[in-house]
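*Asks:* Every letter in the sequence shown is one number past the one before it in the working numbering, and letter 108, counting from 1, is 137.
One structure coming up, written as structure tokens, with questions to follow.
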Amino acid sequence: GSNDLATIGSATTAVSDEGLPGGFPDTTGTVDTTNLTVRTGTITATDPDTMIDGAMTLTVVSALLTEIRVTPAAATLPIGFARQYTALGVYSNGSEQDVTTQVLWTSTAPAIAPVSNASGFKGVVSGTAVGGSTIRATLSNGAGTNIVGQTGVTVTAATLTSIAVTPGSVFRPSGSTQQFVAVGTFSDGSTLPITEQVTWASSEASVATISNQAGTQGLATVIAGLLPITTTISATRGAVAATATLSRGLL
Numbered sequence: 030g031s032n033d034l035a036t037i038g039s040a041t042t043a044v045s046d047e048g049l050p051g052g053f054p055d056t057t058g059t060v061d062t063t064n065l066t067v068r069t070g071t072i073t074a075t076d077p078d079t080m081i082d083g084a085m086t087l088t089v090v091s092a093l094l095t096e097i098r099v100t101p102a103a104a105t106l107p108i109g110f111a112r113q114y115t116a117l118g119v120y121s122n123g124s125e126q127d128v129t130t131q132v133l134w135t136s137t138a139p140a141i142a143p144v145s146n147a148s149g150f151k152g153v154v155s156g157t158a159v160g161g162s163t164i165r166a167t168l169s170n171g172a173g174t175n176i177v178g179q180t181g182v183t184v185t186a187a188t189l190t191s192i193a194v195t196p197g198s199v200f201r202p203s204g205s206t207q208q209f210v211a212v213g214t215f216s217d218g219s220t221l222p223i224t225e226q227v228t229w230a231s232s233e234a235s236v237a238t239i240s241n242q243a244g245t246q247g248l249a250t251v252i253a254g255l256l257p258i259t260t261t262i263s264a265t266r267g268a269v270a271a272t273a274t275l276s277r278g279l280l
């Protein structure tokens, strides 16, 4: 009849994911060979009564990486310590995405401040000698151009003078966990998160244990028990230490 709905034609196409926020290179996941960031197709609609066609052209343009912002900017790093650097990708459509694990990290002075590309440690800069370096993060924009972001780092001779552990005092029920965080203060007045760079301990292992394993440093687990009791949590680096208290309560 005259009220029949129009028939809509459909088509599919492949667009390379290199230019998409969060996209992968051709060596990861499903390998594609198109390397396309722009694709054009035609959508048609046909009236089944008159067989009259209408068509429109649809162009899909994937967002391209335009900038990489590396932080922290122009930071200092005490010798013998490490700091996590991050890379933020800015795309042509205005979106932003953390690309820390996707970029290639390099240091212009690896003997002073090497930077890691190892899984789980990408972007970690270590201070191995006093001096300066430029930390760079490089990633393809998906259209044949490498985008580079960079920042400077100065490795200093500052020494650790104190550690602050937070929370300083906390109550947790049996069977729960509590993350402790350590921040170091140095002789030049600078501060640095050092949760992963101290040795953690619990004075009463029957009350709570605390992890020194990579990825979970400072995470305390409260042991099930019948009596409320307190343990001292300590964070130590060389001759410098700090403590906090963890109290266990009944379930």
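Where is the CB? At the ideal position from N, CA and C, for every residue including glycine.
The structure displayed is predicted, hence computed values, not measured ones.
1) From V269, A142, S121 and I239, pick the residue whose C-alpha is nearest to that of P107; which is it?
2) Using DSSP bridges, identify the partner residues of T264.
3) What does a CB cutoff of less than 7 Å around Q208 pick up in its chain, not counting 5 residues either side in sequence?
4) Relative to the C-alpha of V128, which residue among G213, P77 and G178 is closest?
5) Quick one, are the C-beta atoms of V153 and I97 less than 8 Å apart?
6) Sort out for me which residues DSSP pairs N175 with in a bridge.
7) Leaving out five residues before and five after S232 in sequence, what residues of the same chain have Cβ atoms less than 6 Å from its Cβ?
8) Hey, quick one: how far does the beta strand (DSSP E) through I141 stretch, first residue to last?
9) Give the straight-line distance between the Cα atoms of W134 and A253, rounded to the nearest whole angstrom.
10) Whole angstroms are fine: how far does the CA of F150 sit from the CA of G118?
11) At the level of alpha carbons, what is the spacing between T272 and G213?
12) I want to know whether the region 154-168 touches the region 188-199 - three or more CB-CB distances under 8 Å.
13) To test your reading of the DSSP string, which unbroken beta strand (DSSP E) runs of 3 or more residues are found completely within the region 188-220?
14) Give the list of continuous beta strand (DSSP E) stretches no shorter than 3 residues that lie fully inside the region 104-157.
15) For T245, which three-state DSSP category applies?
16) With DSSP as the reference, label N64 as helix, strand or coil.
17) What's the gap between the Cα of S198 and the Cα of T274?
18) Relative to the C-alpha of T163, which residue among N146, N175, S148 and P139 is closest?
19) Compare the beta carbon distance of I223 and A237 with 8 Å and say whether it is the shorter of the two.
20) Check for me: the beta strand (DSSP E) holding T95 runs from which residue to which?
*Replies:* On the basis of the data shown:
1) One-based indexing of the sequence shown puts residue 107 at position 78. Of the listed residues, the one whose Cα sits closest to P107 is A142.
2) The residue labelled residue 264 in the question sits at position 235 within the sequence shown. Here residue 264 turns out to be Ala, not Thr, going by the sequence shown. Its beta-bridge partners are W229 and A271.
3) On the sequence shown, residue 208 is found 179 positions in, with the first residue counted as 1. Around Q208: G247 and L248.
4) Walking along the sequence shown from the start, residue 128 turns up at place 99. Of the listed residues, the one whose Cα sits closest to V128 is G178.
5) What you label residue 153 is simply residue 124 of the sequence shown in a count that begins at 1. What you label residue 97 is simply residue 68 of the sequence shown in a count that begins at 1. Contact: no.
6) Working through the sequence shown from its first residue, we reach residue 175 at position 146. Looking at the DSSP assignment, N175 forms a beta bridge with S169.
7) On the sequence shown, position 203 is the one that residue 232 refers to. Closer than 6 Å at Cβ, skipping near neighbours: T260 and T261.
8) To locate residue 141, count along the sequence shown from 1; it is residue 112. No beta strand (DSSP E) holds I141; DSSP gives it neither H nor E.
9) Along the sequence shown, read from residue 1 onward, the residue named residue 134 stands at position 105. Along the sequence shown, read from residue 1 onward, the residue named residue 253 stands at position 224. Computed Cα separation, rounded: 44 Å.
10) The residue given as residue 118 occupies position 89 in the sequence shown. The residue given as residue 150 occupies position 121 in the sequence shown. Taking the straight line from one Cα to the other gives about 19 Å.
11) Position 243 of the sequence shown, counted from the first residue, corresponds to residue 272. Position 184 of the sequence shown, counted from the first residue, corresponds to residue 213. When rounded, the distance between both Cα atoms is 13 Å.
12) no
13) 189-195, 198-202, 206-208 and 210-215
14) 104-107, 111-113, 115-120, 125-127, 133-136 and 153-155
15) The count along the sequence shown starts at 1 and reaches residue 245 at position 216. Of the three classes helix, strand and coil, the one that applies to T245 here is coil, per DSSP.
16) Locating residue 64 in the sequence shown gives position 35, where the first residue counts as 1. The pLDDT assigned to N64 is 45, lower than 50, so where the model puts this residue is not dependable; a value taken from the coordinates is nonetheless given after this. The answer is coil: DSSP assigns N64 none of H, G, I, E or B.
17) Here residue 198 refers to the residue found at position 169 of the sequence shown. Here residue 274 refers to the residue found at position 245 of the sequence shown. Cα to Cα, the separation comes out at about 5 Å.
18) In the sequence shown, counting from the first residue as 1, residue 163 sits at position 134. Measuring from the Cα of T163, the nearest candidate turns out to be P139.
19) For the purposes of this step, residue 223 is taken as residue 194 along the sequence shown, with counting starting at 1. For the purposes of this step, residue 237 is taken as residue 208 along the sequence shown, with counting starting at 1. Going by C-beta atoms, I223 is not nearer than 8 Å to A237.
20) Against the sequence shown, residue 95 aligns to sequence position 66. For T95, the enclosing beta strand (DSSP E) starts and ends at L94 to T100.
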